[in-house]
Amino acid sequence: MRAFNAAKAKGKSKNEYSDDYIEKGEYRILLKYIRMYYEYWVAFDLIDLDGDKRLTFKEFKCASPQLTNWGVDMSNPEA
């Protein structure tokens, strides 16, 4: 749903029903957002060590090397 809403926000409405459906010009954007949100979910799942669908600060700090490899600036994780 978040990918759909993000894609719709990038597109331009052409008629009164445009906000309810993905149009041809928005399809590529939708696929891009689906992939991005899926990658976020996989990353979160790898970091969530105890599987409770929440991140503790300890889990976050333990993931520092992994996050750095993914391009996240971890120079000051407490900020």
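Here the sequence shown stands for residues -3 to 75, numbered as in the working numbering. Where is the CB? At the ideal position from N, CA and C, for every residue including glycine.
For residue 5, the closest alpha carbon among the candidates 13, 12 and 25 is that of 25. In the three-state reduction of the DSSP assignment, residue -2 falls in the helix class, which pools H, G and I.
Three or more beta-carbon pairs separated by less than 8 Å link the region 34 to 43 to the region 55 to 64, which places the two stretches in contact. Here residue 61 carries a helix assignment [DSSP, helix/strand/coil].
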